[in-house]
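Written out below as structure tokens is the structure these notes cover.
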Amino acid sequence: MMRIVKPKNARSKRAMDNRASKVIENTKKALTVRGSTCGILVQNAMADIAAYKQPDIKKFQKKNEIHPFEDVSSLEFFSQKNDASLIIFGSNSKKRPNTLTWLRTFNYQVLDMFELKILNYKTMSDFKTLAINVGMKPMFSFVGPIFDSHPHYQMVKSMFLDFFRGEQISMLDLAGLQYIISVTASGDGNISVYSGDTSNLPPINFRVYRIKTYKSTTQNKVPRVELEEIGPRFDFQVGRVREADPDMQKQAMRIPKELQPKAKKNVETDLLGDKVATIHVGKQDLMKMQTRKMKGLKKQRKEEFEEQGNDEFEDIIVSDEEQPRKRKRQID
Amino acid sequence: MSDSTTTQSVGSRPVTVQRAVPVTYDLGNLAVFDTNMMDPEIMSSADEAKREEYLWSLARDSAQLLVNQVLALPIVTGGRTGGDVKHNDGVFVKLPDPTTQLPREKPVPVPKPLTKWEKFAKQKGITPKARNSGNLVYDEAKGEWVKKWGYKGKNQEIPWLVEVDENTEKGGGEDSGKSESKSKRAKRSPK
């Protein structure tokens, strides 16, 4: 662990404040790290993935003697040093060829990680299409019941969402809808979860398509969507998996009080799904209630004043004509 | 794949998608989750082109569904109303909050522990004195702001009515208020 130092100037203080835990967090940053043996295929794969994480990714160029499933301390160090909570570690060995290890950290400690073996890969440059602008938010499509039922695939889904979703925004420019990341896996998810052997799990197909919209003649406004593959194209096989520690997972999933939805008072939904609310209204003064106006019911001015018990009734009546004169005199 | 089709022919294709199991959306993350079974026959076939076309069609359906949903969201034109809008051209949609919960990067921030004094002050209900309140107070009688002390200060005023102290009355001395006593004090003090 690194020593926590007190900032010595305003610039470093700002940098430290930016790193501190926040209610609404920064966009997660990512790292790509090379293992001691990391072939060109894995390097290209990492570069292609990094293209969709720009500008929140740092690509390490040096080899590192790291085995994530044996010792994660160096990766945790990288995470802290670079304030990055997503790491892709690429390696290639005889036993585990062309493998990407996806890691997620919480508080600079590894939360969960899994290996994806690359079965089939077509680089982005093979598609010969224009690249997507930097920092565009992707659309996601997860197809297959297995992403809901199998814990490994749930983790993959969560990781991909976390990795590629980019900045969290509340307003989206429709022109920014440019590409879709499609993740599919066949299989119904009835595969035994903890058999230990992950080789019989169905492969994950990772595809990226550019979106083209065409004016539709069938219906107003809603356009017809067509896709064009822009790559990279991956078929992944799930390898070793390290699930999150339940305690750490609980900590990581906590929602700060400020972001929790406030319980609405006096508003309920009844059995029929109708919204029912209790409204509290102040006491009504029926004496002041405005009823229908009729000439016969109209009060005379005199009566009004008598009712109010106004002592100066006489004066006021007179003053109607006299007061302006009086004022004039005063002015003179 | 999408061969170069003209706008006309593409436009006449349907914009609706039929799925056996309704899909779920997370519009905050622009994601669609389709739990329909994939065709095992095509997925296990050796024909790669066929497989790719199937994956493409699945992705296209998802994209169409998602675009339909996104376009149904409340639209804001001309920006400047939302906090995230930095420029004011283009058409914006208001995204809901994400529904898929993803793990945080760092723990939820905890408030700084109170110091011993802060704890004590809270217990006693001591609130910090209003700062920079200055030397002026409002004099309701005069209807203007006067100094609390000093020249023409509030504490220099001679009260218009003072209760007679019986002891001083007997002694023959006269107590005409604060200024008197102040002058006495001034005499006493060494120069």
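From first to last, the protein sequence lines stand for chains E and C. The numbering of the first sequence is UniProt numbering, which starts it at 1 and goes up by one. The numbering of the second sequence is UniProt numbering, which starts it at 1 and goes up by one. Don't be surprised by glycine CBs; every beta carbon is placed ideally from N, CA and C.
| Check | Outcome |
| --- | --- |
| Three or more C-beta pairs under 8 Å: does that hold for the region 245-265 of chain E against the region 115-129 of chain E? | no |
| Between residue 29 (chain C) and the rest of its own chain, which residues show a CB-CB distance below 7 Å, the 5 nearest in sequence each way excluded? | 98, 100 |
| If the cut is a Cβ gap below 7 Å, which residues of chain C does residue 144 (chain E) touch? | 38 |
| Cα separation between residue 328 (chain E) and residue 297 (chain E)? | The predicted model places residue 328 (chain E) with a pLDDT of 46, which falls under 50 and marks its position as unreliable; any figure quoted below should be read in that light. So the two alpha carbons sit approximately 38 Å from each other. |
| Per DSSP, what kind of secondary structure is residue 281 (chain E) in: helix, strand or coil? | coil |
| Helix or strand or just coil, what does DSSP make of residue 69 (chain E)? | coil |
| In three-state terms, what does DSSP make of residue 97 (chain C)? | coil |
| When you compare the CB of residue 225 (chain E) with every CB in chain C, is at least one pair closer than 7 Å? | yes |
| Just to confirm before moving on: does the CB-CB distance between residue 63 (chain C) and residue 211 (chain E) stay below 7 Å? | yes |
| Output the distance between the C-alpha atoms of residue 201 (chain E) and residue 65 (chain C), rounded to the nearest integer angstrom. | 28 Å |
| Of all Cβ atoms in chain C, is any one closer than 7 Å to the Cβ of residue 247 (chain E)? | no |
| Determine whether the beta carbon atoms of residue 145 (chain E) and residue 24 (chain C) lie at a separation below 7 Å. | no |
| Taking a contact to mean a Cβ-Cβ separation below 7 Å, would you say residue 108 (chain C) touches residue 254 (chain E) in this structure? | yes |
| Could you name the residues of the same chain whose beta carbon sits closer than 6 Å to that of residue 83 (chain C), not counting the 5 residues immediately before and after it, in chain order? | Its pLDDT being 49, under 50, residue 83 (chain C) is placed unreliably by the model, and nothing is read from it. |
| Helix or strand or just coil, what does DSSP make of residue 61 (chain C)? | helix |
| Let me check understanding here. Comparing Cα to Cα, which of E:225, E:97, E:264, E:159 lies closest to residue 276 (chain E)? | E:264 |
| Of all the options E:286, E:29, E:105, E:135, which has the alpha carbon lying nearest to the alpha carbon of residue 243 (chain E)? | E:105 |
| When you compare the CB of residue 160 (chain E) with every CB in chain C, is at least one pair closer than 7 Å? | no |
| Who are the near neighbours of residue 72 (chain E) in its chain, counting only those whose CB is closer than 6 Å to its CB and skipping five residues on each side? | 110 |
| Does residue 23 (chain E) come out as helix, strand or coil in the three-state DSSP assignment? | coil |
| Alpha carbon to alpha carbon, how far is residue 128 (chain C) from residue 31 (chain E)? Give it in angstroms, no decimals. | 48 Å |
| Can you tell me whether residue 45 (chain E) is buried or exposed? The criterion is at least 16 other CB atoms within 10 Å of its CB, across all chains shown. | buried |
| Given residue 42 (chain E), which residues of its chain have a CB within under 6 Å of its CB, disregarding the five upstream and five downstream residues? | 90, 92, 98 |
| Inspect the beta-carbon positions of residue 45 (chain C) and residue 217 (chain E) and report whether they are closer than 7 Å. | no |
| Are any of the Cβ atoms in chain E nearer than 7 Å to that of residue 109 (chain C)? | yes |
| Run the CB neighbour count on residue 187 (chain E), radius 10 Å, all protein chains shown included, and call it buried at 16 or more, exposed below. | buried |
| Using the C-alpha atoms, what's the distance from residue 166 (chain C) back to residue 186 (chain C)? | 24 Å |
| Along the chain, where does the beta strand (DSSP E) containing residue 230 (chain E) start, and where does it finish? | First-last for residue 230 (chain E): undefined, no H or E at that position. |
| Just the C-alpha distance for residue 233 (chain E) and residue 49 (chain C), rounded to the nearest angstrom, thanks. | 13 Å |
| Kindly give me the distance between the Cβ atoms of residue 95 (chain C) and residue 170 (chain E), rounded to whole angstroms, as I take these residues to be in contact under 8 Å. | 6 Å |
| Checking 7 Å against the spacing of the C-beta atoms, do residue 157 (chain E) and residue 147 (chain E) come in under that value? | yes |
| Does residue 128 (chain E) come out as helix, strand or coil in the three-state DSSP assignment? | coil |
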